[in-house]
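Chains as they are written, first to last, in my numbering: chain A, 592 to 879; chain B, 239 to 696.
Report on the following structure.
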């Protein structure tokens, strides 16, 4: 198997080259997932860059990203493959006098197979990153479906036989932990818990993601957001919201995050009325 | 100790600390060791974490054990890097050391993994942490290091340095205070970790490993919760409520199908020429119980009561109606403090201040139940689930079993959650078994047990 990254440090650098700042934990897990040929399960609160991580891996290695978005009611036909039955019907009608045996062999061939993301990722010969997004949203049965693919990188189609990956795709699963994934699935994956970053890392992320922002403002932002996260809030601000906040301040032409600016733009990061009230009270902001 | 032995020992220690590490995961970790650079300690740590730790609540315990099994330095091999302009750490006055500490804290040295910071911590433990314990033996303590340097008292002057004459009391101060408090906590953790390392060197890793690893947050005993744990617990409320709600909705959907949906069946029969081959069923109406929570708000069990109250309120959508009552030795309705969208911390503090629940301030279950039956008896009806939270310690007062039996009989279901371990029931002034005779009583010592109970309830 071709190697994706040569070392954790290399993984960190290449992710940084596409503006994804990885800490030790991320870089090591990303490297190991490739080196051991195991799927990477990234879990954590919303908006800490789980999906972005998969995109960054694909971009930094020049691989194609194939994405399977999970949702309630996702089934085999949407995730794996489906027979194109309309085309099969046409083929049967057109066969005329042909014997059934021959027709039967005909209609269950590659030509009538509709590839869905999982099968597509397995069959691709080029480097591929397979992103299975929001795995926790899918039904429990889908996890069972994933097991064969994640441990052996193969798909069994009764009419065609087992299709084994010619080149193992790099698999990233993400989850918001709205429910516990099964032990069987977790055991097959490397686990990466993405949490809110340290203020230092968040500052660097803001500087990298928001062109034109001054380092001192980014520092102030990161520190303020860290203080907000320490409060007991219903929903802590995510990295994505910090970045939105930085954009907001730039658009308003502020170079300094003082009390009145914070109070007026608090809605960008806190989206519950009770959270805002709490922040205003605890941080001593002027009431609006 | 060879690398394999150390690996196996570490995996065993993790299992003993309650992490479910399977054989396959242990092998994965060993394979990971082959492909990484073993001299990079943080890479090693993350490689182990990625392969072995699959739940975020297990991570703190893992880190503690990792520091013991793969210490950053060993005392025998220590090299002192001394900087020209820095004070000699073994000789300097305490005030100089405090200056140096303040400097390191202001530079975020702990977060930046500054080697000078580690060096400083080790020198301080070496100098202040040692206590002689009998001939030829020594003990190590972190509190003596923290007492000598008392990092907490540096806060005021560090704030002055950071704020540089900006106005006090505002946002800037809050932010700076937060940052410095984090750094001080980082210093305290580093000291504790170095002390553990030294104890492990003196008396063996396994001995200390058993006593230092704290249980994950969902296993913390409600009755023995510390202030820091409490904040952690409260943070668990919303994620836990969300997880439970998801699981409950899934279960409702998978439940039995209800009556025939005539319209949809006829509609479906059109594609089969009017013959109803496939029948369609109406989904069953979800059963949503009304919930009446009656909780002991006395100090001994308040943590447990508060947490459970918060959780039931976060799960409001799963019930048609939730009413809550609190008592110490008389009872009052507290539903009004928990209106939707209200701040939880405030709700709890308003409840303790404003609700009329205490006459003499000692728990009296019997009197409370009687008052409840008298004043709010109509709250309980045939659709209600009654939930009583408390340790059943009634200070030797009359238990009023008959009243409770009548209340339990009127409700559809009645449960009692007791935060005390089963072994302590009926000791002292506990009347757990008599109450347990008229109402189903469950042991509920930690979040895991509570979650399991609520899942069955809704």
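Every residue gets a Cβ at the ideal spot worked out from N, C-alpha and C, and that includes glycine.
Quantities reported herein were computed from a predicted structural model and do not represent experimental measurements.
- The continuous alpha helix (DSSP H) containing residue 743/A extends over residues 731–743.
- The Cβ of residue 298/B sits no closer than 8 Å to any Cβ of chain A.
- By the Cβ criterion, the segment 694–704 of chain A is in contact with the segment 669–676 of chain A, since at least three pairs of Cβ atoms, one from each stretch, lie closer than 8 Å.
- A Cβ-Cβ contact shorter than 8 Å links residue 797/A with residue 834/A.
- Within chain A, the residues whose beta carbon sits less than 7 Å from that of residue 275/B are 598, listed in sequence order.
- Contact between residue 362/B and residue 429/B holds, with the beta-carbon distance rounding to 7 Å and staying under 8 Å.
- Counting along the chain, residue 672/A sits inside the beta strand (DSSP E) bounded by residues 672–674.
- One alpha carbon belongs to residue 351/B, the other to residue 445/B, and they sit about 29 Å apart.
- Within the segment 324–390 of chain B, the complete beta strand (DSSP E) segments of 3 residues or longer fall at 368–370 and 376–378, listed in chain order.
- Secondary structure in the segment 789–864 of chain A: the alpha helix (DSSP H) runs of 4 residues or longer, each lying completely within the stretch, are 790–800, 806–821, 830–843 and 850–856 in chain order.
- Chain-order list of chain B residues neighbouring residue 853/A: 409, by C-beta distance under 8 Å.
- In the three-state DSSP reduction, residue 618/B falls in the coil class, being neither helix nor strand.
- For residue 636/B, the closest C-alpha among the options 651/B, 653/B and 668/B is that of 668/B.
- For residue 660/A, the pairing in a beta bridge is given by DSSP as 724/A.
- Contacts between residue 778/A and chain B, judged by CB atoms closer than 7 Å, involve 260, 262 and 263 in chain order.
- In the structure shown, residue 748/A adopts extended strand secondary structure according to DSSP, grouped into three states.
- Contact annotation: residue 401/B and residue 472/B have beta-carbon atoms that are not nearer than 8 Å.
- Using a Cβ-Cβ cut-off of 8 Å, residue 810/A does not count as an interface residue toward chain B, since no Cβ of chain B sits closer than that to its own.
- For the pair of segments examined, the segment 241–258 of chain B was found not to touch the segment 600–613 of chain A: the number of CB pairs separated by less than 8 Å stays below three.
- Among the residues of chain B, none has a CB under 8 Å from the CB of residue 832/A; the nearest is roughly 17 Å distant.
- In the structure shown, residue 259/B falls within a coil segment according to DSSP collapsed to helix, strand and coil.
- Judged by DSSP secondary structure, residue 658/B falls outside any alpha helix (DSSP H); it is assigned neither H nor E.
- Closer than 7 Å at the C-beta level to chain A, one finds these residues of the segment 409–433 of chain B: 409, 412, 413, 416 and 417.
- Taking a Cβ-Cβ cut-off of 9 Å, the neighbours of residue 484/B in chain A comprise 727, 769 and 770, given in sequence order.
- Interface annotation for the segment 779–791 of chain A against chain B: 779, 780, 781, 782, 783, 784, 786, 789, 790 and 791, criterion Cβ-Cβ distance under 9 Å.
- Taking 9 Å as the cut-off between beta carbons, the residues of the segment 288–312 of chain B near chain A are 288, 289, 290, 291, 292, 293, 294 and 297, in sequence order.
- If you draw a 10 Å sphere on the C-beta of residue 544/B, you find 16 or more other C-beta atoms in it, and that means buried.
- The beta carbon of residue 678/B sits closer than 6 Å to the beta carbons of 653 from its chain, once the five residues preceding and following it are set aside; these are given in chain order.
- Apart from the 5 residues on each side of it in sequence, residue 750/A sits with its Cβ closer than 7 Å to the Cβ of 699 in its chain, given in chain order.
- Rounded to whole angstroms, residue 760/A and residue 767/A show a C-alpha spacing of 23 Å.
- Separation of the CB atoms of residue 633/A and residue 763/A is rounded to 6 Å, and the pair is thereby assigned contact status at 8 Å.
- Sequence-distant Cβ neighbours of residue 716/A in its own chain, meaning closer than 7 Å and more than five residues away, are 757 and 758.
- At least one beta carbon of chain B lies nearer than 8 Å to the beta carbon of residue 874/A.
- With contacts defined by Cβ atoms closer than 8 Å, residue 532/B and residue 563/B form a contacting pair.
- Taking the CA atoms as reference points, residue 307/B sits about 7 Å from residue 244/B.
- Annotation: residue 532/B is outside any alpha helix (DSSP H); the continuous beta strand (DSSP E) that includes it extends over 528–534.
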